[in-house]
Amino acid sequence: MREVVVEPGTKLEQLLKYADLASTGGEAKYLIQGGFVDVNGKKETRRGYKIKAGDIVEVEDDVLGVSLLLK
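So, in structure tokens, the structure goes:
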């Protein structure tokens, strides 16, 4: 599992692009709405889902652990 640090309020779609799991917003949308993304073991089909500290995001064989950047 690789750790990713993002700002509070980051959306799932943005996380996929930031972590290089999607190269474009369209690709991120396809992955999310196509049911290829799990958050904490459950399918997540909302592009606007706001990432929380401790979330585990899985896309096929890639697993991300999420931490939030403190300001």
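Residue numbers for the sequence shown follow my numbering, so the first one is 2 and each next one is one higher.
Positions of the beta carbon are idealized from the N, C-alpha and C atoms, including for glycine.
- As far as DSSP is concerned, Gly36 takes part in no beta bridge.
- By DSSP's assignment, Asp63 forms a beta bridge with Val60.
- DSSP places Glu8 in the coil class of the three-state scheme, outside both helix and strand.
- Looking from the CA of Asp21, the closest CA among Asp63, Leu70, Gly49, Leu69 belongs to Asp63.
- In this structure, the straight-line span from the alpha carbon of Glu28 to that of Glu61 is close to 14 Å.
- DSSP places Tyr19 in the uninterrupted alpha helix (DSSP H) bounded by 13-19.
- The DSSP-derived three-state label of Lys30 is helix.
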